[in-house]
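Everything in the sequence shown is counted per the UniProt record's numbering, starting at 1 for the first residue and increasing by one. Comments concern the structure below.
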Amino acid sequence: MEKLILIKLGGSLITDKGKDRTSRPETIDRLAGELKKIHNIFKGKIIVAHGAGSFAHRPAVEYQVRDGIKGPLQFKGFPIVADRAIELNRIVIKTFLDQKLPAVSFSPESCILAYNFKVEEVFCDPIEQALRIGYLPVLYGDVIFDKKIGACIYSTEMVLGALAGKIAKKFKVSFVYCTDTDGVYDSEGRTISVISHENIKEVERFISDSRKVDVTGGMIHKVKESLVMAKRGFETIIINGNIPNELVQAILKGKHHGTHIRN
Numbered sequence: 001m002e003k004l005i006l007i008k009l010g011g012s013l014i015t016d017k018g019k020d021r022t023s024r025p026e027t028i029d030r031l032a033g034e035l036k037k038i039h040n041i042f043k044g045k046i047i048v049a050h051g052a053g054s055f056a057h058r059p060a061v062e063y064q065v066r067d068g069i070k071g072p073l074q075f076k077g078f079p080i081v082a083d084r085a086i087e088l089n090r091i092v093i094k095t096f097l098d099q100k101l102p103a104v105s106f107s108p109e110s111c112i113l114a115y116n117f118k119v120e121e122v123f124c125d126p127i128e129q130a131l132r133i134g135y136l137p138v139l140y141g142d143v144i145f146d147k148k149i150g151a152c153i154y155s156t157e158m159v160l161g162a163l164a165g166k167i168a169k170k171f172k173v174s175f176v177y178c179t180d181t182d183g184v185y186d187s188e189g190r191t192i193s194v195i196s197h198e199n200i201k202e203v204e205r206f207i208s209d210s211r212k213v214d215v216t217g218g219m220i221h222k223v224k225e226s227l228v229m230a231k232r233g234f235e236t237i238i239i240n241g242n243i244p245n246e247l248v249q250a251i252l253k254g255k256h257h258g259t260h261i262r263n
């Protein structure tokens, strides 16, 4: 079965979360170069998705959209949050194209439908066709429509998880999360090399919430989503995308300094 790696570029990695609507162009450009190398050499397929960082998190908090559409404030806010996510996606796509990556943007808002925060439908035929003919699909954390609560925020991890669940029968799926840390840290700041259901209770005590606003849940959310995926046979590594070529080494050589999450 052909390999498919779902790569997340974290919002804290590609934006400055302390400054509204501020990307990190040099980081995005370097990662684009690394992805180009991977795309040219890796024998399987890859899909990239990125967080919204400082572009969408602030309006998400301002309009209180995390729990759905409850009134006029959220109704007004959801399109604004979606537009901010698209704004960052355009920056990422332009950088990828400048690096000669065959990147094509796909909006989660248009291909995922939820019911009470849980995925109900995923339409990924166009994404599969893009993969089939050699393109690099690029998605992002977004707002999606929800049949019960109107609409909801869907983190990049959840978007990738929804895709994985849909296409798992066709590919051997795994995840790589590029963050701004060397994986998950213990209480003394050392990287935890492996996380599984056996040590998750201990790990949860070590993980502290980010000081910066993160409406998608931060590191603990990444770990819990990864463990859900691990139960389904999809392993995850969390690495530091600020380290040059860490992503390349992780995918092409299986070497990294981060955290491996498995069942």
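Heads up, the beta-carbon is just placed ideally off N, CA and C, and yes, glycines get one too.
Does the beta-carbon of residue i have 16 or more other beta-carbons within 10 angstroms, so that it is buried, or is it exposed?
{"i": "Asn89", "result": "buried"}
{"i": "His256", "result": "buried"}
{"i": "Gln129", "result": "exposed"}
{"i": "Pro59", "result": "buried"}
{"i": "Asp67", "result": "exposed"}
{"i": "Ile7", "result": "buried"}
{"i": "Glu157", "result": "buried"}
{"i": "Leu97", "result": "exposed"}
{"i": "His50", "result": "buried"}
{"i": "Ile200", "result": "exposed"}
{"i": "Arg232", "result": "exposed"}
{"i": "Arg131", "result": "As written in the sequence, residue 131 is Leu, which differs from the Arg given in the question. Burial call: buried."}
{"i": "Leu73", "result": "exposed"}
Among the candidates the options, whose CA atom is the shortest distance from the CA of residue i?
{"i": "Thr191", "options": "Ala114, Gly165, Asp180", "result": "Asp180"}
{"i": "Val173", "options": "Leu35, Ile47, Leu13, Val92", "result": "Ile47"}
{"i": "Ile80", "options": "Asn199, Ala56, Arg262", "result": "Ala56"}
{"i": "Arg262", "options": "Ala250, Ile237, Gly241", "result": "Ile237"}
{"i": "Glu2", "options": "Ile153, Gly44, Val184, Thr156", "result": "Gly44"}
{"i": "Ser155", "options": "Ala114, Gly189, Lys148", "result": "Ala114"}
{"i": "Ser12", "options": "Ser110, Ile127, Thr27", "result": "Thr27"}
{"i": "Glu188", "options": "Arg205, Ile133, Cys178", "result": "Arg205"}
{"i": "Gly258", "options": "Glu246, Ile239, Leu252, Leu247", "result": "Ile239"}
{"i": "Ile103", "options": "Ile112, Val203, Asn40, Phe171", "result": "Rather than Ile, the amino acid found at residue 103 in this sequence is Ala. If we check each option's Cα against that of Ala103, Asn40 comes out closest."}
{"i": "Ala32", "options": "Arg132, Cys178, Ser107", "result": "Cys178"}
{"i": "Val184", "options": "Glu202, Lys170, Lys169, Phe171", "result": "Glu202"}
{"i": "Lys37", "options": "Asp20, Leu136, Ser107", "result": "Leu136"}
{"i": "Gly225", "options": "His197, Leu247, Val248", "result": "For the record, residue 225 in the displayed sequence is Glu; it is not Gly. Among His197, Leu247, Val248, the Cα nearest to that of Glu225 is on His197."}
{"i": "Ser230", "options": "Ile220, His260, Leu247", "result": "Per the sequence shown, the amino acid found at residue 230 is Ala instead of Ser. Ranking the options by Cα distance to Ala230, first place goes to His260."}
{"i": "Glu246", "options": "Lys170, Asp182, Ile220, Arg84", "result": "Asp182"}
Which same chain residues, not among the five before or five after residue i, have their C-beta less than 8 Å away from its C-beta?
{"i": "Arg30", "result": "Pro244"}
{"i": "Glu109", "result": "Ala82, Asp142, Val143, Ile144, Phe145"}
{"i": "residue 344", "result": "Residue 344 lies beyond the residue range present for the chain, which begins at 1 and ends at 263; the question has no answer from this structure."}
Which whole-angstrom value describes the C-beta separation of residue i and residue j, a residue pair presumed to lie in contact below a C-beta threshold of 8 Å?
{"i": "Val122", "j": "Leu139", "result": "No, Val122 and Leu139 are not in contact; Cβ-Cβ is about 12 Å, not under 8 Å."}
{"i": "Ile86", "j": "Gly53", "result": "About 13 Å separates the two Cβ atoms, so there is no contact after all."}
{"i": "Cys124", "j": "Lys166", "result": "5 Å"}
{"i": "Phe175", "j": "Phe117", "result": "Going by Cβ atoms, the distance from Phe175 to Phe117 rounds to 20 Å, so no, they are not a contact pair."}
{"i": "Leu9", "j": "Gly241", "result": "6 Å"}
{"i": "Asp101", "j": "Leu35", "result": "Asp is not the amino acid found at residue 101; the sequence shown has Leu there. Contact flag correct, Cβ pair sits at about 6 Å."}
{"i": "Ile5", "j": "Ile251", "result": "6 Å"}
{"i": "Ile207", "j": "Val223", "result": "7 Å"}
{"i": "Val119", "j": "Ile112", "result": "6 Å"}
Going by DSSP, what residues sit across from residue i in a beta bridge?
{"i": "Tyr185", "result": "Thr191"}
{"i": "Ile63", "result": "Per the sequence presented here, residue 63 reads as Tyr, with Ile not at that position. Beta-bridge pairing links Tyr63 to no other residue."}
{"i": "Thr15", "result": "Ser23"}
{"i": "Phe145", "result": "Leu113, Ala151"}
{"i": "Asn240", "result": "Thr179"}
{"i": "Tyr140", "result": "His50"}
{"i": "Ile7", "result": "Val48, Val176"}
{"i": "Ala103", "result": "Leu136"}
{"i": "His260", "result": "Val194, Ile237"}
{"i": "Lys118", "result": "Tyr115"}
Only counting the same chain, and skipping five residues up and downstream in sequence, which positions put a Cβ closer than 6 Å to that of residue i?
{"i": "Ser105", "result": "Asn89, Ile93, Val138"}
{"i": "Phe78", "result": "Val65, Val143, Ala151"}
{"i": "Lys147", "result": "Tyr115"}
{"i": "Lys212", "result": "Low confidence applies to Lys212: its pLDDT is 44, below 50, so where it sits in the model is not reliable enough to give any reading."}
{"i": "Glu62", "result": "none"}
{"i": "Ile149", "result": "Gly68"}
With a threshold of 7 Å on Cβ separation, who are the neighbours of residue i within its own chain once the five nearest residues in sequence on each side are excluded?
{"i": "Ser23", "result": "Ile14, Thr15, Leu88, Ile91"}
{"i": "Leu253", "result": "Here the sequence assigns Lys to residue 253, which means Leu is not the residue at that position. Once the five neighbours on either side are set aside, Lys253 has no close Cβ partner at all."}
{"i": "Phe75", "result": "Ile69"}
{"i": "Lys19", "result": "Ser54"}
{"i": "Gly134", "result": "Pro102"}
{"i": "Ser107", "result": "Asp142"}
{"i": "Gln249", "result": "Lys255, His256"}
Under a CB-based cut-off of 7 Å, is residue i close to chain B?
{"i": "Asn263", "result": "In the structure shown, chain B does not exist; there is a single protein chain."}
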